[in-house]
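K.L.:
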Amino acid sequence: MIKAHKIRLHPTPEQAVYFAKAAGTARFVWNWALAEWKRHYEAGEKPTAFKLKKQFNAIRREQFPWTWEVTKNASDQPFLDLGKAFTAFFEGKARHPCFKSKKRSKPSFYLANDQFELGDHRIWIPKLGWVNMAENLRFKGKVTGARITNTADWWFVSLTVELLDELPEPRKAAVGIDVGLNRLATLSTAEEYENQAFLKAALRKLRQANKRLHRRKPGSKNREKARKQVARLHYRITCLRDDVLHKLTTRVASCYGIVGIEDLNLKGLLKNRHLARSLSDAALGKLLTLLTGKVEQRGGQVIKVGRFFPSSKTCHCCGWKWEDMQLSDRIFLCQNPNCAYHLFPQDRDHNAALCILGEALRLIGLIDQAVDDIGSGDDVNLAADAG
5 MIKAHKIRLH PTPEQAVYFA KAAGTARFVW NWALAEWKRH YEAGEKPTAF KLKKQFNAIR
65 REQFPWTWEV TKNASDQPFL DLGKAFTAFF EGKARHPCFK SKKRSKPSFY LANDQFELGD
125 HRIWIPKLGW VNMAENLRFK GKVTGARITN TADWWFVSLT VELLDELPEP RKAAVGIDVG
185 LNRLATLSTA EEYENQAFLK AALRKLRQAN KRLHRRKPGS KNREKARKQV ARLHYRITCL
245 RDDVLHKLTT RVASCYGIVG IEDLNLKGLL KNRHLARSLS DAALGKLLTL LTGKVEQRGG
305 QVIKVGRFFP SSKTCHCCGW KWEDMQLSDR IFLCQNPNCA YHLFPQDRDH NAALCILGEA
365 LRLIGLIDQA VDDIGSGDDV NLAADAG
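Using the numbering used here, read the sequence shown as starting at 5 and increasing by one per residue.
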């Protein structure tokens, strides 16, 4: 098992200049390697990361002597990264690699595990020395590498650690989760997590900061100060959102072994210009990614229910469908006279979470009937307890 711990650094001004040089060197080498890759490919050759690295080292001392001012990993790792990027592209897993811009790309460079040393709240970097860290490494294991990045003019180091695989404790409980915009997540256990909408809350300050930025003269110090303020506002919003998502997913993954959730068409939903910003602010895609990783890491499984499954329109008890249900209807009323919930008001999202739970259990064979055929809501609850 490999985990990463991202720690903020407190470099001196001289050390920050070194970081900028190393990141610039890594960006230059990437762009050089990508240009040479394209040139070799157009000439009918088969370029590889090893060939390009050998070609670069042959001319490095004469043409690019300034690359020796920083750690050698800053000029070695981009070749390996480019090779992995083309491998992912040829396998259809990623887009074609593109050139990195000084203004738009995130400054970063890699350090191999033999190129740095960890101490008490500090890290030793070649040709630089000790740099202060905000905290010590959280995990105990073999450190396999580090990557130093810049976000909102703050420097961070992400340390990857190889840990021993531990046998997770089996968790039998199951839960269904309905996600949305009015409420970020509603569990089948009636737990509710509100959508904080951090971007919406900070939109006024963000607009003022952007207006201040674009009124400053390009290249001036005041424009640079305004740019930093905008970047830090965006970073604060990201941190607040990630904090909520991590706490929610950790809570669910620690308590439940089977998690049912909808397989949403997020790309299609983002095409709706009325809801695109709210959907991006909620970060439902990241919620699903974090939840899947944490549940599987603890030995559980995430069951994705089909996106066309009518969880909101279906009664979790009897399977009756409310065909003409509108988005504004927040209370679910079952019209089946034989249902235990006949004309009994239910929360729409809670009912949907129970339907998702029942469908997820049916998909993995823990119950034999679909939600449409369930005769009693107790069947779903009993299946969740026996999961």
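Idealized CB from N, CA, C, for every residue including glycine. Predicted model only: the values in this text are computed from it and were never measured.
Answer with buried or exposed for E198, where buried requires no fewer than 16 other C-beta atoms within 10 angstroms of its C-beta.
P.N.:
Locating residue 198 in the sequence shown gives position 194, counting from the first residue. Label assigned to E198: exposed.
K.L.:
The beta strand (DSSP E) spanning I368 covers which residue range?
P.N.:
Indexing the sequence shown from 1 puts residue 368 at position 364. Where I368 is concerned, there is no enclosing beta strand (DSSP E), given that its DSSP letter is neither H nor E.
K.L.:
Out of curiosity, what's the CA-to-CA distance linking K251 and L295?
P.N.:
Locating residue 251 in the sequence shown gives position 247, where the first residue counts as 1. Locating residue 295 in the sequence shown gives position 291, where the first residue counts as 1. Straight-line Cα distance between these residues: approximately 10 Å.
K.L.:
Would you say L274 and L283 are within 8 Å of each other, going by their C-beta atoms?
P.N.:
Here residue 274 is taken as the residue at index 270 of the sequence shown, counted from 1. Here residue 283 is taken as the residue at index 279 of the sequence shown, counted from 1. Result yes, Cβ atoms of L274 and L283 sit closer than 8 Å.
K.L.:
Among all the DSSP beta bridges, which residues are the ones paired with W134?
P.N.:
By 1-based counting over the sequence shown, the position of residue 134 is 130. For W134, which the question treats as bridged, DSSP gives the partners W128.
K.L.:
For the candidate residues L185, W41, I265, C343, whose alpha-carbon lies nearest to that of R281?
P.N.:
Residue mapping note: residue 281 aligns to position 277 of the sequence shown, counting from 1. Measuring from the Cα of R281, the nearest candidate turns out to be L185.
K.L.:
Please confirm whether E266 and R311 have their CB atoms less than 8 Å apart.
P.N.:
Numbered from 1 along the sequence shown, position 262 holds the residue referred to as residue 266. Numbered from 1 along the sequence shown, position 307 holds the residue referred to as residue 311. Yes, Cβ-Cβ distance for E266 and R311 is below 8 Å.
K.L.:
With distances taken from CA atoms, which of L115, L203, Q59, N140 is nearest D124?
P.N.:
Walking along the sequence shown from the start, residue 124 turns up at place 120. Answer by Cα proximity: N140.
K.L.:
So, are the CB atoms of E29 and A78 less than 8 Å apart?
P.N.:
Position 25 of the sequence shown, counting from 1, holds the residue named residue 29. Position 74 of the sequence shown, counting from 1, holds the residue named residue 78. It should be noted that the sequence gives Thr, not Glu, for residue 29. Taking 8 Å as the Cβ cut-off, T29 and A78 qualify as a contacting pair.
K.L.:
Just tell me which of I335, I307, R151, K308 has its CA closest to the CA of T318.
P.N.:
Locating residue 318 in the sequence shown gives position 314, where the first residue counts as 1. Comparing Cα-Cα distances from T318 to each of I335, I307, R151, K308, the minimum goes to I335.
K.L.:
Helix, strand or coil for V74, going by three-state DSSP, please let me know.
P.N.:
Stepping through the sequence shown from its first residue, residue 74 is reached at position 70. DSSP places V74 in coil when its eight states are reduced to three.
K.L.:
According to DSSP, which residues form a beta bridge with G149?
P.N.:
One-based indexing of the sequence shown puts residue 149 at position 145. Paired residue(s): A116, T164.
K.L.:
Could you tell me which of G223, A27, R211, W159 sits nearest to D80, measuring between CA atoms?
P.N.:
Start at 1 with the first residue of the sequence shown, and residue 80 comes out as number 76. Comparing Cα-Cα distances from D80 to each of G223, A27, R211, W159, the minimum goes to A27.
K.L.:
With the cut-off set at 8 Å, would you say T155 and D353 are in Cβ contact?
P.N.:
Locating residue 155 in the sequence shown gives position 151, where the first residue counts as 1. Locating residue 353 in the sequence shown gives position 349, where the first residue counts as 1. Cβ atoms of T155 and D353: not closer than 8 Å.
K.L.:
T164 to G149, Cα distance in whole Å?
P.N.:
Translated into the one-based positions of the sequence shown, residue 164 becomes position 160. Translated into the one-based positions of the sequence shown, residue 149 becomes position 145. Each residue's Cα considered, the two are about 6 Å apart.
K.L.:
Go through its chain and collect everything with a Cβ distance to K110's Cβ below 8 Å, but skip five positions before and after it.
P.N.:
In the sequence shown, counting from the first residue as 1, residue 110 sits at position 106. These residues qualify, in order along the chain: T153, N154, T155.
K.L.:
Going along the chain, which unbroken runs of the beta strand (DSSP E) with 3 or more residues stay wholly within the segment 244 to 329?
P.N.:
262 to 266, 305 to 309
K.L.:
For K107 and Y45, I'd like the C-alpha separation in whole angstroms.
P.N.:
As a first step, residue 107 is located in the sequence shown; it is residue number 103 there, counting from the start. As a first step, residue 45 is located in the sequence shown; it is residue number 41 there, counting from the start. Distance between the alpha carbons of K107 and Y45 is about 28 Å.
K.L.:
List the endpoints of the continuous beta strand (DSSP E) containing Y197.
P.N.:
Position 193 of the sequence shown, counted from the first residue, corresponds to residue 197. Counting along the chain, the beta strand (DSSP E) containing Y197 begins and ends at 196 to 198.
K.L.:
Express the C-alpha separation of G145 and R175 in angstroms, rounding to a whole number.
P.N.:
Against the sequence shown, residue 175 aligns to sequence position 171. Against the sequence shown, residue 145 aligns to sequence position 141. One C-alpha to the other measures close to 26 Å.
K.L.:
Spell out the partners DSSP gives H218 in its beta bridges.
P.N.:
Mapped onto the sequence shown, residue 218 falls at position 214. Looking at the DSSP assignment, H218 forms no beta bridge with any residue, so it has no partner.
K.L.:
Using the Cβ count rule (16 or more neighbours within 10 Å means buried), how would you classify V183?
P.N.:
Position 179 of the sequence shown, counting from 1, holds the residue named residue 183. With 16 or more Cβ atoms within 10 Å of its Cβ, V183 is classed as buried.
K.L.:
Near D157, which residues of its chain fall below 8 Å by C-beta distance, leaving aside the five closest residues on each side in sequence?
P.N.:
Translated into the one-based positions of the sequence shown, residue 157 becomes position 153. Contacts found: K232, A235, R236.
K.L.:
Using alpha carbons as the reference points, say which of R12, R366, N226 lies closest to V161.
P.N.:
Position 157 of the sequence shown holds residue 161. Relative to V161, the option among R12, R366, N226 whose CA is nearest is R12.
K.L.:
Does the contact criterion of 3 or more C-beta pairs under 8 Å hold for the segment 211 to 224 versus the segment 297 to 317?
P.N.:
no
K.L.:
Who are the Cβ neighbours of A257 in its own chain at under 6 Å, not counting the five residues just before and after it?
P.N.:
Sequence index remark: in the sequence shown, residue 257 carries index 253 (1-based). Closer than 6 Å at Cβ, skipping near neighbours: K298, V299, R302.
K.L.:
With respect to the beta strand (DSSP E) encompassing R99, which residues constitute its N-terminal and C-terminal limits?
P.N.:
Locating residue 99 in the sequence shown gives position 95, counting from the first residue. Run containing R99: none; DSSP gives neither H nor E here.
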